[in-house]
Structures are given as C-alpha cells and as structure tokens.
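One structure is given here, and the rest of the page talks about it.
Chains as they are written, first to last, in this note's numbering: chain A, 117 to 391; chain B, 117 to 391.
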C-alpha cells in the first residue's frame with residue numbers, strides 16, 4: 117500500500133512515523149506547500165520521499181494533515197483521483213468538512229479526528245507514538261464505501277488508536293467543550309499574565325498547575341483561529357457556558373458565599389470520577 | 117533539631133518525607149486534627165511520631181501545613197512557645213497571615229509559600245520529592261530575627277527549593293494570577309462539561325490538553341475556597357482581567373475577525389518565551 121501525506125507537521129509527520137512501525141504500508145510519500153518543511157521531514161525520516169501534489173494523487177491512501185480550511189480547499193483538487201483511493205482527513209472540525217466534500221469524493225472520503233496532539237507544531241514536533249492509545253473519531257456515513265472505511269479502520273487500529281463513530285454535528289459540539297473552548301481559555305490565561313506590568317516577576321512563581329493550564333497556549337495561532345472559524349457556533353456556545361460558570365464563581369467570592377462556593381467546587385471535582 | 121508538623125496532608129506529609137532525606141533533622145513529629153490522618157501518616161512514615169498539640173509547642177521548628185484560615189487560628193494558640201522556636205507557615209496566601217500574626221510571634225514567624233503541589237490531598241498524596249527544584253516565596257520583614265530566618269532558609273535550601281523574597285502584598289497579587297485564578301478556571305471548565313446533558317460522551321474524547329486544564333479541578337474545595345476568601349480582592353481583580361481577555365476572544369469569533377484573533381493568539385504564545 118502506497119500512502120501519501122499532505123502536510124508534514126506534528127499531525128502528518130507523526131502519522132508518517134507511526135505508519136512506518138506497522139506492517140501495512142510499503143511506502144510513504146509526503147507533500148507540503150512549505151519547502152523547508154519538506155526538507156526537514158525528509159531529514160527526520162518522517163516519510164520515505166517528497167513528491168509533488170500530482171504524485172500524491174496516485175497513492176492508495178491520502179492523508180490530509182493540514183489546517184481545516186485547507187482541507188476543504190484541497191479536496192476540490194482531488195476530484196480526479198481514482199475511485200480506489202481512500203482519502204482521510206485528520207482535521208479538528210468535521211461538520212463543514214463533511215458538508216463541503218465534493219460529491220465525487222463522498223464514497224471514498226473518511227472524515228476523522230484523532231483526539232491527540234501537543235502544543236508543538238511543524239515537522240520537528242512529530243513523534244512516532246503520538247497516536248498510540250489515543251482516541252480517533254470517525255464520522256461514518258452511508259455514502260462511504262465499505263472498502264474505504266475498512267481500510268481507514270485497519271490503519272487507525274494498527275497505529276494503536278481507539279475508534280469511536282460519531283455524527284459530525286455531535287463531534288463538533290463535543291470537541292468545542294473538550295478541546296476548542298479550553299484552547300481559548302489557555303490563550304486568554306496567557307494574555308492575562310502577559311498584559312500585566314511585569315509578567316516575568318509573576319511567572320517566576322509558576323508551578324505545575326499554571327504550566328499545565330497555559331501549555332496549549334503555545335499552539336499554532338493559524339491552525340487554531342481556523343478551527344474556531346469552522347466550529348464558530350459550537351465554540352461560541354461553549355465559551356458562553358464557561359463564562360456563566362466563571363461568573364458564578366466570581367459572584368460567590370464577591371458576595372462571600374463560601375459554602376455555596378465549596379458546593380460549586382465539589383460539583384467540579386465529580387468530573388474526575390468519570391474522566 | 118526537633119521538627120513538628122501541624123497538618124499531615126500533601127504539604128505537611130511531603131515536608132516530613134523531604135526532611136527525613138536531609139541531615140538537618142533529628143526527629144519529626146506530627147499533629148493533625150483528623151485522627152485517621154494521624155494513623156495514615158504514621159503508617160506511611162511521613163513523620164516519626166504522632167504527638168498532641170502541646171508537644172508540638174516544644175519543637176525547635178513548627179511547620180503549619182493547614183488551610184489558610186486555620187493558620188491564623190493556630191498562631192493564636194502558639195503565643196506561649198519559646199522565643200527560640202521557629203514557626204513556618206506553608207499557606208498559599210500571605211497578606212492576611214502576616215497582618216494577623218500575634219505580636220509576640222512576629223520575631224520567630226516565617227511566612228512562606230512553596231509554589232508547588234498537586235491536585236491530590238491527604239496523607240496518601242504526600243511524596244518525598246514534592247519540594248525538590250520548586251520555588252518557595254519567603255515574606256521576609258525587619259521584625260523577623262536573623263536566627264529564625266537563617267534556619268528557614270537552611271531548611272528550604274536543603275530540601276532543594278529555590279528561594280525568592282517577596283513582600284506579602286506582591287506575593288498575593290502574583291499568586292492570584294499564577295495560581296488562584298487558574299484554579300477557578302479549572303473548576304469552571306469542569307463544571308461547564310459536567311452540566312452538559314451527557315458529560316460521559318463528551319469526556320470520551322478528552323485528550324492531553326483537557327486533562328491538563330481540568331487537573332487542578334480535583335483539588336480540595338475546602339482548602340481552595342479558603343484561599344479565594346483570604347485573597348479575595350486580588351482574586352476578583354485577576355478573574356476580571358481574565359474575563360476581559362476571554363470576552364475579547366469571543367467577540368472576535370462572533371464578529372469573524374480572524375486576523376485580529378490570530379494576533380491575539382500570537383501575543384499569548386509569547387508567554388512561553390519567558391516561562
């Protein structure tokens with residue numbers, strides 16, 4: 117099986133490395149609009165070869181590991197591929213990507229979202245075990261041909277992923293709570309400190325809690341503003357729900373309602389019974 | 117040197133373990149209002165012996181590792197100790213504790229805050245390396261006698277801590293940004309998900325980012341509502357600053373101002389150049 121990966125950053129590069137550790141794949145080729153990414157990916161052995169976009173089209177499986185708007189754009193340039201080629205996108209949003217899949221690709225296009233990643237990006241961020249033990253959401257639908265779905269399931273399971281099937285709408289709503297809104301919190305937390313008079317003297321005191329909460333604020337602004345854009349309505353809803361919760365806390369502290377505050381905190385701790 | 121630890125949870129218990137690994141201390145005794153904590157602490161060898169509060173008063177050094185309101189209360193019961201005993205508090209707030217230190221204790225009382233901890237609590241949460249490589253803030257002032265300050269510095273450095281001196285007001289302001297407000301965000305994030313119709317189906321998708329951001333929402337509600345109470349004004353200020361940042365983000369997404377959003381995110385990423 118010949119695999120082509122479009123986008124050789126953290127997601128695409130790690131896929132290249134993970135696939136090399138399976139017995140499924142004969143050869144992995146890569147493409148990236150950014151020439152220095154291509155050179156770096158080759159140096160780091162993320163893929164076996166760098167090819168042009170026309171050669172990507174000849175692969176048995178094509179992974180799209182690029183920002184979510186670019187996925188929609190790139191699909192339009194894949195309408196002339198063989199019906200035997202499986203196209204798998206790895207983007208963080210699903211509803212718009214599914215809605216905008218060209219009709220001629222629908223039988224062979226697998227909308228997928230591996231719920232894994234780090235705050236780092238670019239080829240140097242890639243590592244072989246990123247997907248291992250992670251969860252991947254596949255937005256299965258009746259239009260997808262069984263041969264393509266089977267192939268995707270096989271690949272994801274061989275790189276160690278736990279597969280969940282979900283409707284694109286449901287995925288985007290859930291992802292807004294579990295991933296997209298929390299990224300906004302982390303960026304806002306980082307900005308809250310950076311806009312203080314002397315952030316350095318504050319950051320000297322940073323312990324594990326602050327480091328953990330601000331970690332994802334290192335993530336790629338281009339990629340994440342793109343995700344907020346595609347999942348705008350769910351994102352706005354999740355942020356509003358969060359704002360209501362935080363304001364409850366602020367008001368309880370302002371009004372010195374300590375017992376109620378403790379109850380509110382106790383309710384929060386129940387999360388970890390099911391997480 | 118005989119050390120007494122009041123409060124045998126994560127902070128006090130870890131102090132007991134860390135001190136046993138230094139050559140400074142002959143014997144460590146412990147006291148906790150909670151009898152089962154005492155039994156557990158002894159079983160886990162966090163201290164050499166459990167004593168009553170009157171015996172704690174006879175120690176050379178007394179650590180107060182209890183919620184911040186209890187620190188203020190307990191200091192009132194320490195006014196009859198020898199002037200040669202050093203009292204060190206390990207609470208997360210400093211301004212009120214310093215302001216409410218009984219006059220007779222001021223020469224021998226060291227207000228300290230180790231900027232380290234985990235979301236776990238109770239004796240079983242204690243571990244020997246909690247303090248190793250962490251930062252401790254000491255609120256030095258002219259009233260403290262040199263012998264007591266020297267002793268505290270010696271102890272903290274021997275358990276591997278990096279010492280910063282800071283004014284209590286400055287400490288509480290900084291701590292509100294770096295620790296207290298972020299805890300409120302984590303609790304609010306956890307509540308945002310828990311109040312959804314089916315939190316389990318959302319949490320199935322949780323990756324590392326969400327786990328990191330919701331981790332401190334496991335922390336003790338009693339301890340943390342107490343901290344918010346003692347650092348109320350700084351906390352409210354830090355929450356307000358955060359709310360402004362998050363609302364900026366929400367409005368940019370609502371108004372589809374993607375370039376401005378990217379700039380806002382880019383500003384956030386600069387945090388990690390100095391963290």
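Virtual Cβ for every residue (Gly too), placed ideally from N, Cα, C. Every value quoted in this text rests on a predicted model; they were computed, and no experiment measured them.
Can you tell which of the options has the C-alpha that lies nearest to the C-alpha of residue i?
i: residue 340 of chain B; options: B:195, B:242, B:225, B:295; result: B:295
i: residue 380 of chain B; options: A:349, A:333, A:245, A:343; result: A:333
i: residue 223 of chain A; options: A:293, A:264, A:211; result: A:264
i: residue 232 of chain B; options: A:120, A:325, A:134, A:338; result: A:325
i: residue 129 of chain A; options: A:364, A:147, A:140, A:213; result: A:147
i: residue 181 of chain B; options: B:132, B:220, B:200; result: B:132
i: residue 303 of chain B; options: A:378, A:197, A:185; result: A:378
i: residue 212 of chain B; options: B:329, B:385, B:336, B:289; result: B:289
i: residue 301 of chain A; options: B:343, B:355, B:249; result: B:355
i: residue 242 of chain A; options: A:221, A:163, A:297; result: A:163
i: residue 257 of chain A; options: A:175, A:344, A:314, A:283; result: A:283
i: residue 143 of chain A; options: A:135, A:316, A:149; result: A:135
i: residue 281 of chain A; options: B:262, B:197, B:321, B:255; result: B:321
i: residue 352 of chain A; options: B:368, B:237, B:361; result: B:368
i: residue 391 of chain B; options: A:308, A:386, A:327; result: A:327
i: residue 197 of chain B; options: B:173, B:246, B:315, B:291; result: B:173
i: residue 117 of chain B; options: B:314, B:271, B:373; result: B:271
i: residue 153 of chain B; options: B:122, B:314, B:205; result: B:122
i: residue 137 of chain A; options: A:244, A:359, A:287; result: A:244
i: residue 185 of chain A; options: A:235, A:206, A:199; result: A:206
i: residue 308 of chain A; options: B:365, B:349, B:291, B:358; result: B:358
i: residue 336 of chain A; options: A:374, A:372, A:315, A:236; result: A:236
Do we get a CB-CB distance below 8 Å when we pair residue i with the residues of chain B?
i: residue 117 of chain A; result: no
i: residue 377 of chain A; result: yes
i: residue 382 of chain A; result: yes
i: residue 131 of chain A; result: no
i: residue 299 of chain A; result: yes
i: residue 212 of chain A; result: no
i: residue 208 of chain A; result: no
i: residue 157 of chain A; result: no
i: residue 388 of chain A; result: yes
i: residue 391 of chain A; result: yes
i: residue 312 of chain A; result: yes
i: residue 151 of chain A; result: no
Since residue i and residue j are thought to touch, with beta carbons under 8 Å apart, how far apart are those beta carbons, to the nearest angstrom?
i: residue 253 of chain B; j: residue 277 of chain B; result: Actually they are not in contact, since the Cβ atoms of residue 253 of chain B and residue 277 of chain B sit about 10 Å apart, beyond 8 Å.
i: residue 191 of chain A; j: residue 218 of chain A; result: 6 Å
i: residue 298 of chain A; j: residue 319 of chain B; result: Wrong, their Cβ atoms sit about 12 Å apart, outside the cutoff.
i: residue 384 of chain B; j: residue 310 of chain A; result: 7 Å
i: residue 279 of chain A; j: residue 269 of chain A; result: 6 Å
Step through the CB atoms of chain A and report whether any lies within less than 8 Å of the CB of residue i.
i: residue 224 of chain B; result: no
i: residue 250 of chain B; result: yes
i: residue 215 of chain B; result: no
i: residue 385 of chain B; result: yes
i: residue 316 of chain B; result: yes
i: residue 134 of chain B; result: no
i: residue 295 of chain B; result: yes
i: residue 307 of chain B; result: yes
i: residue 337 of chain B; result: yes
i: residue 370 of chain B; result: yes
i: residue 302 of chain B; result: yes
i: residue 220 of chain B; result: no
i: residue 167 of chain B; result: no
i: residue 341 of chain B; result: yes
i: residue 122 of chain B; result: no
Could you list the residues in the segment 320-334 of chain B with a C-beta less than 8 Å from some C-beta on chain A, going in chain order? Residues are counted here when their Cβ sits less than 8 Å from a Cβ of chain A; for the segment 320-334 of chain B these are 320, 321, 322, 323, 324, 325, 326, 327, 328, 329, 330, 331, 332, 333, 334, given in chain order.
Which residues of the segment 344-368 of chain A have a Cβ closer than 9 Å to any Cβ of chain B? Give them in chain order. 344, 345, 348, 351, 352, 354, 355, 356, 357, 358, 359, 360, 361, 362, 363, 364, 365, 366, 368
Going along the chain, which unbroken runs of the alpha helix (DSSP H) with 4 or more residues stay wholly within the segment 224-286 of chain B? 262-274
Please identify, using Cβ separations under 8 Å, the residues of the segment 173-204 of chain A that lie next to chain B, in order along the chain. none
Using a Cβ cut-off of 7 Å, which residues of the segment 264-291 of chain B contact any Cβ in chain A, in chain order? Going along the segment 264-291 of chain B in chain order, one finds 280, 290, 291 with a Cβ nearer than 7 Å to chain A.
Ranges of the alpha helix (DSSP H) found wholly within the segment 138-181 of chain A, counting only runs of at least 4: 151-159, 169-172
Along the segment 225-249 of chain B, what residues have a CB closer than 9 Å to any CB found in chain A? 229, 230, 231, 232, 233, 234, 235
Please specify which runs of the alpha helix (DSSP H), each continuous and at least 4 residues long, are wholly inside the segment 333-369 of chain B, giving them in chain order. 337-346
With a floor of 3 residues, list each beta strand (DSSP E) that falls wholly inside the segment 188-215 of chain A, ordered by position along the chain. Every beta strand (DSSP E) of 3 residues or more that sits fully in the segment 188-215 of chain A is shown, in chain order, as 202-205.
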